[in-house]
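Engineer: Protein sequences appear in the order of chains A and B.
The opening position of the first sequence corresponds to residue 2 in the working numbering, with each subsequent residue numbered one higher.
The opening position of the second sequence corresponds to residue 92 in the working numbering, with each subsequent residue numbered one higher.
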Amino acid sequence: MKTIIEEKNGVVIVSVQGELDTDTSAQFQRDIEPLMERKDTKVEMDLSKLDYMSSKALRILVAFQQAVTRNGGSFSITKVTDTVQEVFDMTGLSASFLR
Amino acid sequence: MKKRISESPRLLIILLLALYGLLTTGVTLWVLHDSLEHSYRLNYEDLEDDLKTIAPYLELRMNQGDKDCFAYLELVSSVQHEEREYSYVVRDKEGEVIAPSFAAGRTLKMKKVKQLDKTGTCWLADVWGDRCFIIIHPFPTRPLELIGVYDYDYIFGDREETAKDFIMMLVLLFLLLLAVSWFWIIPVVERVLERKRLAENELNEARDLQQKAVTTVFPKNSFFDSHAVLRPAREVGGDIYRFGMQDGKFQYVIGDVSDKGTTAALLMFTISSFIHSRTRGEVPVCELMKELNCLICDNSEYEMLCTLFLGHIDAETLKMEYCNAGHTRTLVNGDFLDQDSQLLAGLDRDYPYHTQTVQLHHGDRVLLYTDGVTEARGADRSFFGEKRLQEWMNGLDPAISSEAACQSLLDTLAAFRGNALQNDDIAIIYIKIV
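1. Mind pulling the chain A residues with CB within less than 9 Å of aspartate 429 of chain B?
2. So, at 8 Å on beta carbons, what are the nonlocal neighbours of alanine 319 of chain B in its own chain, with the 5 sequence-adjacent residues on each side left out?
3. Go ahead and pull the three-state DSSP assignment for arginine 222 of chain B.
4. Is it buried or exposed, arginine 456 of chain B, if we count other Cβ atoms within 10 angstroms and call 16 or more buried?
5. Look up serine 313 of chain B in the DSSP assignment and give the residues it is bridged to.
6. Report yes if the C-beta distance between alanine 406 of chain B and glutamine 433 of chain B is below 9 Å; otherwise report no.
7. Can you confirm whether the stretch 495-514 of chain B touches the stretch 335-352 of chain B when touching is taken to mean that 3 or more C-beta pairs between the two stretches lie within less than 8 Å?
8. So with CB distances below 7 Å, who are the chain A contacts of leucine 435 of chain B?
9. Check the C-beta distance from aspartate 439 of chain B over to serine 56 of chain A and give it rounded, since I have them as a contact under 8 Å.
10. With DSSP run on the structure shown, which of helix, strand or coil describes threonine 421 of chain B?
11. Using the beta-carbon of each residue, which ones in chain A are nearer than 7 Å to aspartate 462 of chain B?
12. At what residues does the alpha helix (DSSP H) containing glutamine 66 of chain A begin and finish?
13. So with Cβ pairs under 9 Å, would you call tyrosine 420 of chain B a contact of chain A?
14. Does the distance between the C-beta of asparagine 510 of chain B and the nearest non-hydrogen atom of the ligand ADP fall short of 8 Å?
15. Where does alanine 96 of chain A sit, in a helix, a strand or coil, going by DSSP?
16. By a C-beta neighbour count over all protein chains shown, 10 Å radius and 16 as the cutoff for buried, is glutamate 373 of chain B buried or exposed?
17. Report the neighbours of asparagine 514 of chain B on chain A: residues whose CB is nearer than 7 Å to its CB, in chain order.
18. DSSP three-state label for isoleucine 491 of chain B, please.
19. Less than 7 Å between C-beta atoms, sequence neighbours within five positions excluded: which residues of the same chain meet that for asparagine 295 of chain B?
20. Unbroken alpha helix (DSSP H) runs of length 4 or more, entirely within the stretch 251-292 of chain B: which are they?
21. Can you grab the Cα-Cα spacing for the pair alanine 27 of chain A / threonine 79 of chain A, in whole Å?
22. Check methionine 526 of chain B in the structure and name its three-state DSSP category.
23. Inspect the beta-carbon positions of glutamine 19 of chain A and lysine 43 of chain A and report whether they are closer than 9 Å.
24. What residue from B:Leu501, B:Val271 and B:Leu114 has the CA that sits closest to proline 323 of chain B's CA?
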């Protein structure tokens, strides 16, 4: 699992590659934690190279979204794979996460 | 003793250090003693030759730069106990006095250093400004006689001193290591072990609570044959289910808090007690879900999310009303139920959950489960998935008991997993409509 964080034109782009299972989710949380404390940050997440996302990782994303919006920023997920899309659909989170 | 060592890192580290100290000291002494012994023996062998060749005269052998020179030491002894004073002259091979290179007529003050053996005594003296190793052999008929003068450093080098220094260094190092261990390493290790113990305890307690929160008595009556199994994973998890007969309905809830620890366990209990107390009367399923959702949203220290599938089956009409909040898809007789993907609970307090209904029939079998089933991973990293679950259910004998059905699924999952570890809690509810 690799988390790549870049900044382009004032937007923070987070790309996640590999799998977010129970082991890698903890690492992922540590990787994105600094972004949760920044104010007025626009974050876009690219999950096109994410092959699998466990329910634990989903919780981390929800918490991340809440933290970012609480700090005056915005968060959206731009690209997902089919398997990850299914997880979002099943939990009813597609509407709030994916645009 | 063994148990005490494993429980106390302090004791273990001290024992290891002591062992290290003893071992290195022992090895050093053995190595040096050997070389000391060797020198002694070598020395004495040389002496024996000298003894044979000289009578009243003594051979003095000195290295002076490039030249080896031989001289004789004529000794006149005076008797004193520990310190002896000798006067001597140095003569060459021919008997001529050699001067002035050698301090002829000089008084030699010698101090007894060590006992060579029964036949001789070693004396250490200062000769010509250099340290000297002098062997004096007591002949039976004569007083002590000087046998030979050997260059001390040539024989021993600084081995003795080096050995002493080395041992002193080891002792100091040992003390230093002991101090560092005592005040720094051991407290750190103890802290780490304590933290692990506490974490272990919390996990165990949480697991206990989880087991207490789920239903253990499964309704088996003339209407339903139900059974459930919960297989908690080591660290991840948070599955919860609660079901039973109430007001002529088979009421159930299954969910996944997706967290371990005491906070998750408390949430499980919240859900559990809610279902227990609230499912009396004709409260619509979606209203129950809305209430439960509010309860979760309001009652969390930090954000807790939870998938839930809540519903009931009327024993008379066999109509099932259900409400899904982000949970896995229910299987009825091997087909997936028409289940709307509503938002998981604990996120949006005002989410407008709605009820769905389906008409069941005698002989129908309903399978509720958590994502620990579909997301079980095999040794080749593939997922069990909904398709394999469907295949399993379609391959199941409809007549077998719910208990046997649950076991069958557990066995299938175990076979699929092979050597891979269970990565999430597994919860299965199998309801057979009689």
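Don't be surprised by glycine CBs; every beta carbon is placed ideally from N, CA and C.
Please read all numbers here as calculations on a predicted model, not as lab measurements.
Structural biologist: Looking at the coordinates:
1. Simply none; closest approach about 14 Å.
2. Val305, Thr306, Phe309, Tyr332, Phe334, Cys497, Ala518, Ile519, Ile520 and Tyr521
3. At arginine 222 of chain B the pLDDT is 44, less than 50, meaning the model places this residue with poor confidence; the figure from the coordinates comes in the next sentence. In this structure, arginine 222 of chain B counts as strand in the three-state DSSP scheme.
4. buried
5. DSSP lists no partner for serine 313 of chain B.
6. no
7. no
8. Thr92 and Gly93
9. That belief does not hold up - the Cβ atoms of aspartate 439 of chain B and serine 56 of chain A are roughly 18 Å apart, past 8 Å.
10. coil
11. Ser56
12. 56-71
13. Position check: residue 420 of chain B holds arginine in this sequence, whereas tyrosine was assumed. It does; some Cβ of chain A falls within 9 Å.
14. As presented, the structure is devoid of all ligands, the ligand ADP included, so that no description of it is given.
15. helix
16. exposed
17. Asp22 and Thr23
18. coil
19. none
20. none
21. 22 Å
22. The shown model of chain B, from 92 to 525, leaves out residue 526 of chain B, and the question about it has no answer.
23. The amino acid at residue 19 of chain A is misidentified as glutamine; the sequence shows glycine. Not a contact, by the Cβ cut-off of 9 Å.
24. B:Leu501
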